[in-house]
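Working notes for the structure below.
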Amino acid sequence: MKALSLLSLLCSALPLVPLHAAEPAPPAKPNIVIIFIDDMGYGDIGPFGATKQQTPNLDRMAREGMKLTNFYAAPVCSVSRAQLLTGCYGARVSVPAVYDPGGNHGLNPAEHTIAERMREHGYATICIGKWHVGDQPEFLPTQQGFDHYFGIPYSNDMQKKAAATGQRVVPLLRDDKVEELLTDDAQSRIVERYTDEALGFIRKSKDQPFLLYLAHTAVHTPIHPGAAFAGKSSNGRFGDWVEELDWSTGRILDTLRELQLDDRTLVIFTSDNGPWLIKGADAGSAGPLRGGKGSTWEGGVRVPTLARWPGNIAPGSVCDAVAGTIDLLPTAVALAGGTVPAAPVIDGRDISPLLLGKATTSPREAHYYFRAYNLEAVRQGPWKLAVAPQHETMGKDVLADASSPAPRLYNLDQDLGERTNVADQHPDIVERLQQLATRMSGEIGGANPTARRPAGKVANPVMTYPVAREAAAKKQATPPGKPQAP
Numbered sequence: 000m001k002a003l004s005l006l007s008l009l010c011s012a013l014p015l016v017p018l019h020a021a022e023p024a025p026p027a028k029p030n031i032v033i034i035f036i037d038d039m040g041y042g043d044i045g046p047f048g049a050t051k052q053q054t055p056n057l058d059r060m061a062r063e064g065m066k067l068t069n070f071y072a073a074p075v076c077s078v079s080r081a082q083l084l085t086g087c088y089g090a091r092v093s094v095p096a097v098y099d100p101g102g103n104h105g106l107n108p109a110e111h112t113i114a115e116r117m118r119e120h121g122y123a124t125i126c127i128g129k130w131h132v133g134d135q136p137e138f139l140p141t142q143q144g145f146d147h148y149f150g151i152p153y154s155n156d157m158q159k160k161a162a163a164t165g166q167r168v169v170p171l172l173r174d175d176k177v178e179e180l181l182t183d184d185a186q187s188r189i190v191e192r193y194t195d196e197a198l199g200f201i202r203k204s205k206d207q208p209f210l211l212y213l214a215h216t217a218v219h220t221p222i223h224p225g226a227a228f229a230g231k232s233s234n235g236r237f238g239d240w241v242e243e244l245d246w247s248t249g250r251i252l253d254t255l256r257e258l259q260l261d262d263r264t265l266v267i268f269t270s271d272n273g274p275w276l277i278k279g280a281d282a283g284s285a286g287p288l289r290g291g292k293g294s295t296w297e298g299g300v301r302v303p304t305l306a307r308w309p310g311n312i313a314p315g316s317v318c319d320a321v322a323g324t325i326d327l328l329p330t331a332v333a334l335a336g337g338t339v340p341a342a343p344v345i346d347g348r349d350i351s352p353l354l355l356g357k358a359t360t361s362p363r364e365a366h367y368y369f370r371a372y373n374l375e376a377v378r379q380g381p382w383k384l385a386v387a388p389q390h391e392t393m394g395k396d397v398l399a400d401a402s403s404p405a406p407r408l409y410n411l412d413q414d415l416g417e418r419t420n421v422a423d424q425h426p427d428i429v430e431r432l433q434q435l436a437t438r439m440s441g442e443i444g445g446a447n448p449t450a451r452r453p454a455g456k457v458a459n460p461v462m463t464y465p466v467a468r469e470a471a472a473k474k475q476a477t478p479p480g481k482p483q484a485p
């Protein structure tokens with residue numbers, strides 16, 4: 000009895016410490032803000048090495064959140080947007096290339112978009128900016144799960160002559176109606192107008208969970224920074240427009256803080272593809288990466304990405320695991336407390352454990368690099384196997400060291416610029432990655448895939464606004480599978 004009493008006394012003197020300290024759970028149904036830039040390269044913002052343009056707000060975002068160094072999009076814009084919206088490689092959902100205005104193809108309305116999935120969990124949804132997965136009424140954002148839309152439905156260089164004025168313009172839509180026809184000069188206010196629209200939505204939706212998909216027109220050519228930013232950077236008008244995007248992001252972060260939504264909102268900042276290198280001074284930089292927009296080299300598809308969620312994402316953290324735009328849909332659904340159904344199949348995976356610091360490895364077996372329906376490379380861990388010739392960038396031919404169809408193997412940890420083919424030294428890795436490539440190509444690549452879903456298609460496409468006769472005569476439907484710009 001004395002021994003038992005002594006033991007009880009000792010135990011009572013010890014501090015009460017739980018065996019497993021519980022980690023604070025993320026808030027239920029956090030807001031999701033996705034800021035999607037057009038044609039921004041890996042080296043175009045401060046956290047990824049830019050020095051000619053200043054990005055203090057994005058620098059702050061990196062300090063307060065996470066830098067994702069191996070985050071992938073797609074070689075061109077329509078494909079990249081389809082991937083973000085559906086969680087699938089573009090080839091799986093038959094979005095292989097860029098859509099022209101008035102084309103008869105678009106993202107199939109039968110696909111389940113991130114907006115539709117989040118709506119199921121009570122989210123208000125809006126798309127602001129560049130859409131570019133079909134401009135026919137059946138394909139617009141308001142038919143794809145978004146409550147509202149405000150933006151230019153395709154690239155800002157796809158101007159046509161308006162029938163009424165003869166001026167080259169692009170349409171600015173509100174929901175499914177043309178609100179204004181924008182001349183080039185009017186595009187200088189597009190970042191400001193998108194930002195104002197985004198802030199209005201945040202304020203209106205602050206009492207319920209929301210999804211804001213802000214797909215900027217910038218920094219796609221033609222480059223049109225706002226008057227307050229023109230001439231401010233040390234990198235010409237391109238740098239000026241990057242600085243305006245930084246300002247826009249800062250306004251969003253400040254508004255979330257003002258409304259006390261900071262710790263309830265995940266903000267992702269990323270880009271749709273690498274820089275359009277042939278545009279000279281109007282192009283961005285891929286930094287240390289090889290290639291640019293239109294290619295499956297790292298510079299064409301690896302994009303600068305930041306994630307911020309105070310109280311949940313560790314400040315100043317870095318994630319080197321492979322992830323990408325296809326992972327945003329399942330991640331958002333998981334954070335909302337849901338799960339993505341097993342069918343139809345998607346390629347993305349929930350990366351919230353990476354963001355929250357609970358995992359350090361990719362949840363996907365491999366990452367696949369498609370150019371249109373052609374699988375050109377596959378990555379697993381540090382190893383990237385190129386299984387086809389690779390163009391250096393849109394508008395430039397294949398260089399000699401990438402012209403052979405024989406597999407080329409690169410260790411991206413040691414050779415970020417993809418210059419040294421080490422296939423002969425690692426035949427086992429080549430064989431393993433070749434098997435992965437063959438399997439995925441058979442599923443959704445090539446001419447006879449087993450698991451590709453159909454594109455959306457309309458019989459009689461029309462232009463969004465009346466165009467001059469000569470422009471209308473040249474209009475053609477976008478043929479599926481033809482890789483093109485911009």
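At position 310 of the sequence shown (counting the first as 1) the number is 309 in numbering that gives the first Met the number 0, and the numbers step up by one without a gap.
A virtual CB, placed ideally from N, CA and C, is assigned to each residue, including glycine.
Bridge partners of residue 170, per DSSP?
Beta bridge pairing from DSSP links residue 170 with 180.
On the three-state DSSP scale, how would you describe residue 417?
Three-state result, residue 417: coil.
Around the Cβ of residue 196, are there at least 16 other Cβ atoms within 10 angstroms (buried) or fewer (exposed)?
buried
Taking the beta carbon of residue 148 as the centre, do at least 16 other beta carbons fall within 10 Å, making it buried, or is it exposed?
buried
Which residues in the same chain as residue 403 place their Cβ atom closer than 8 angstroms to its Cβ, once the five residues preceding and following it in sequence are excluded?
388
Those residues which DSSP pairs with residue 213 across a bridge
According to DSSP, residue 213 bridges with 34, 127.
Beta-carbon proximity list for residue 190, same chain, < 7 angstroms, skipping 5 on both sides
215, 217, 225, 243, 244, 247
With a threshold of 16 other CB atoms inside 10 Å of the CB of residue 485, please say whether the residue is buried or exposed.
Note that residue 485 scores a pLDDT of 40, beneath 50, so its modelled location is shaky; the value from the coordinates is reported in the next line. Buried: at least 16 other Cβ atoms inside 10 Å.
In chain order, what residues of the same chain have a beta carbon less than 7 angstroms from the beta carbon of residue 234, not counting five sequence neighbours either side?
Around residue 234, the same chain offers 51, 52 as residues with beta carbons nearer than 7 angstroms, after the five sequence neighbours per side are excluded.
Quick check on DSSP: helix, strand or coil for residue 278?
helix
For residue 220, does the count of other Cβ atoms within 10 angstroms reach 16, so buried, or fall short, so exposed?
buried
Would you check if the distance between the CB atom of residue 118 and the CB atom of residue 86 is smaller than 9 angstroms?
no
I need the straight-line Cα distance from residue 113 to residue 312, nearest angstrom please.
Going by the C-alpha atoms only, they are around 22 angstroms apart.
For the ligand FAD, I want to know if residue 362 counts as a neighbour, meaning its beta carbon is within less than 8 angstroms of at least one of the ligand's heavy atoms.
This structure lacks the ligand FAD, and indeed carries no ligand of any kind.
Span separating the alpha-carbon of residue 372 from that of residue 93:
Answer to the nearest angstrom: the Cα atoms are 8 angstroms apart.
Taking the alpha carbon of residue 335 as the point to measure from, which residue in 341, 327, 342 has its own alpha carbon closest?
327
For the putative contact between residue 302 and residue 41, defined by C-beta atoms under 8 angstroms, what is the C-beta separation to the nearest angstrom?
So it is a contact: roughly 6 angstroms between Cβ atoms.
Is DSSP giving residue 379 helix, strand or coil here?
DSSP places residue 379 in strand when its eight states are reduced to three.
Please name the residue in 177, 416, 423 whose C-alpha comes closest to that of residue 289.
416
Reduced DSSP category for residue 468 - H, G, I as helix; E, B as strand; rest coil
helix
Which residue from 59, 74, 362 puts its Cα closest to that of residue 562?
What the structure shows of the chain is the stretch from 0 to 485, and residue 562 is not part of that stretch, so it cannot be assessed.
Does the stretch 173 to 187 come close enough to the stretch 197 to 206 to have 3 or more Cβ pairs within less than 8 angstroms?
These segments do not touch.
Rounded Cβ spacing between residue 378 and residue 321 (contact assumed at less than 8 angstroms)
With a Cβ gap of about 6 angstroms, residue 378 and residue 321 count as contacting.
Do you know whose CA, among 337, 98, 423, lies nearest residue 455's CA?
Measuring from the Cα of residue 455, the nearest candidate turns out to be 98.
For residue 124, is the classification buried or exposed, using 16 other Cβ atoms within 10 angstroms of its Cβ as the cut-off for buried?
buried
Return the chain-ordered ranges of every alpha helix (DSSP H) run that is complete within the stretch 46 to 81 and spans a minimum of 4 residues.
55 to 63
Pick helix, strand or coil for residue 357, following the three-state DSSP scheme.
Collapsing the DSSP output to three states places residue 357 in coil.
Name the residue from 424, 386, 241, 355 whose alpha carbon lies nearest to the alpha carbon of residue 434.
386
Which whole-angstrom value is the C-beta distance of residue 39 and residue 293, which I expect to be below 8 angstroms?
About 15 angstroms; that fails the 8 angstroms criterion.
Determine the burial state of residue 287: buried for a count of at least 16 other Cβ atoms within 10 Å of its Cβ, exposed for fewer.
It counts as exposed.
With a cut-off of 8 angstroms on the beta carbons, I'd call residue 457 and residue 103 a contact; round off their distance for me.
5 angstroms between Cβ atoms; contact.
Please report the residue range of the beta strand (DSSP E) in which residue 407 lies.
407 to 410
Rounding to the nearest angstrom, what Cα-Cα distance links residue 343 and residue 228 in this structure?
Using only the alpha carbons, I get a separation of about 45 angstroms.
For a cutoff of 9 angstroms on Cβ pairs, would you count residue 302 as touching chain D?
Chain labels in this structure do not include chain D; a single protein chain is all it has.
Taking DSSP as the reference, what is the three-state secondary structure of residue 322?
strand
Local conformation of residue 330 per DSSP, three classes:
Here DSSP, grouped into helix, strand and coil, assigns residue 330 to helix.
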